[in-house]
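Residue numbers are given in the working numbering: position 55 of the sequence shown equals residue 496, and the series is strictly consecutive. Quick reminder that beta carbons are idealized off the backbone N, C-alpha and C, glycines included.
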Amino acid sequence: MFNAQSILVTGGTGSFGHKCITRLLSQPEIKRVVVYSRDELKQYEMSQRFTDKRLRFFIGDVRDRERLLHAMSGIDTVIHAAALKQVPTAEYNPFECIKTNVLGAENVIQACLDAKVRNVVALSTDKAAAPINLYGATKLCSDKLFVAANNVRGWQDIRFSVVRYGNVMGSRGSVIPFFLERRKTGVLPITDMQMTRFNITLEEGVDLVVHALNHALGGEIFVPRIPSYRIGDVATAIGPKCEQPIVGIRPGEKIHEEMITETDALQTLQTDKHYIIVPMLYGHAAADLMKRYAEAHGGTPVPEGFSYNSGKNSEWLSVEQIRTLIHQHCDASFTVDA
């Protein structure tokens, strides 16, 4: 699959990083995997879990282009997962969020070009579509940078693409670990009973990245076709006997998330498992690009007026399905009677 490649993962000590590194190290043809992140404690803890000698660790920040370039020496593929991701944190620390999510993205792109990397995939978020908070706005800017990088690569043999998906089940700071902890108190605070979110497992997130690495022409934003859940159903699945007081949405939150806007849909293809937002590349007609990418991915244009919204999704997780997924992907000891 990777042809003896060397792969670097920025922000590789996070929830996604652990799952991604596990997948990469399961491939015997991979020569080297580099985790690039700024937290030495997390790197130490990760080094105790993984004993594969192909795994290396670089202390560094995506804000430091020179350090990135040094870490990318001999690297074939970069998976960019580093970001400041908490909505309230970004609202309170806007300059720091911009330095990491926007300027850091620029640094990764420039370092990849200078180091002659061949393939780059950046992780995005549903909050980047029609953003109303700073975190989403910085990730939209990051997405635009990675797509536009395909315009500035010249004749260099390198592809930049993006994967965009919703809430990752069980990831640190997400609602399910929060509810699992809070159910001990007998109270699960609900922002709004109408609130919905897209749901994806870590394994599915890694699958999407691998798909992009193997199939991207350059500039695509890959969006998985995944189910939604209602926040009230998550609370009921985890603590059916708990109180569920309504506390209201936080600044920067939406009732429903969106991964493809009606405007994006004008340049979006659909396949059995994905939606693909086709890039508008300099010097190419939009219709020609749609035809070229449709042929490459076996896709067809989405219907007129299409948008991909968690509240209007055609696929929903039931309470029982949510419980099963929590047991499988978040906490093997989970039971509703615990």
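Identified DSSP bridge partners for residue i
i: L449; result: V475, V519
i: P742; result: L710
i: E699; result: N750
i: V603; result: A563, I662
Beta-carbon spacing of residue i, residue j below 8 Å
i: C538; j: L510; result: no
i: I696; j: I718; result: no
i: I414; j: I662; result: Within the shown structure, residues of the chain are numbered from 442 to 779, placing residue 414 beyond reach of any answer.
i: G545; j: T632; result: no
i: T712; j: H738; result: yes
i: T404; j: N534; result: No answer is possible for residue 404: it lies beyond the span of the chain, which begins at 442 and ends at 779.
i: P665; j: L649; result: yes
i: A570; j: D705; result: yes
i: P720; j: L707; result: no
i: V474; j: R495; result: yes
i: D567; j: R605; result: yes
i: V647; j: E684; result: no
i: T492; j: N560; result: no
i: N548; j: R506; result: yes
i: K540; j: R508; result: no
i: R420; j: Y670; result: Residue coverage of the chain in this structure runs from 442 to 779, which leaves residue 420 outside it and unanswerable.
i: K472; j: S447; result: yes
i: V609; j: F587; result: no
Where residue i sits in the DSSP three-state scheme
i: M731; result: helix
i: E761; result: helix
i: I687; result: strand
i: R594; result: coil
i: H715; result: strand
i: Q769; result: helix
i: T463; result: helix
i: F775; result: coil
i: M487; result: helix
i: D674; result: helix
i: S456; result: helix
i: A737; result: helix
i: G680; result: coil
i: Y723; result: coil
i: I577; result: Looking at the sequence provided, one finds Gly at residue 577 rather than Ile. Helix at G577.
Expected contact under 8 Å - CB spacing of residue i and residue j to nearest Å
i: S748; j: E698; result: Actually they are not in contact, since the Cβ atoms of S748 and E698 sit about 11 Å apart, beyond 8 Å.
i: G452; j: A524; result: 7 Å
i: G673; j: F620; result: Their Cβ separation, rounded to whole angstroms, is 11 Å, which puts G673 and F620 out of contact at 8 Å.
i: L449; j: I516; result: 5 Å
i: R600; j: L658; result: 7 Å
i: S612; j: S751; result: The Cβ separation is near 17 Å, so there is no contact.
i: C461; j: I550; result: Not quite, the Cβ-Cβ distance comes to about 20 Å (not below 8 Å), so this is no contact.
i: A678; j: I763; result: 4 Å
i: I617; j: V528; result: Incorrect: roughly 17 Å between the Cβ atoms, too far for contact.
i: G501; j: Y477; result: 5 Å
i: Y723; j: N592; result: 5 Å
beta-carbon residue i near the ligand MN non-hydrogen atom, thresh 7 Å
i: M487; result: Summarising the ligand content, the structure contains no ligands, and the ligand MN is consequently not present.
Interface flag, residue i vs chain C, CB-CB below 8 Å
i: G515; result: Note that chain C does not occur in the displayed structure, where there is just one protein chain.
**Asked** Which ranges does the alpha helix (DSSP H) cover as unbroken runs of at least 4 residues, wholly within the stretch 490-571, from first to last along the chain?
**Response** 506-512, 528-533, 535-539, 545-555
**Asked** Residue ranges of each alpha helix (DSSP H) run of no fewer than 4 residues wholly in the stretch 605-671, ordered along the chain?
**Response** 616-623, 643-656
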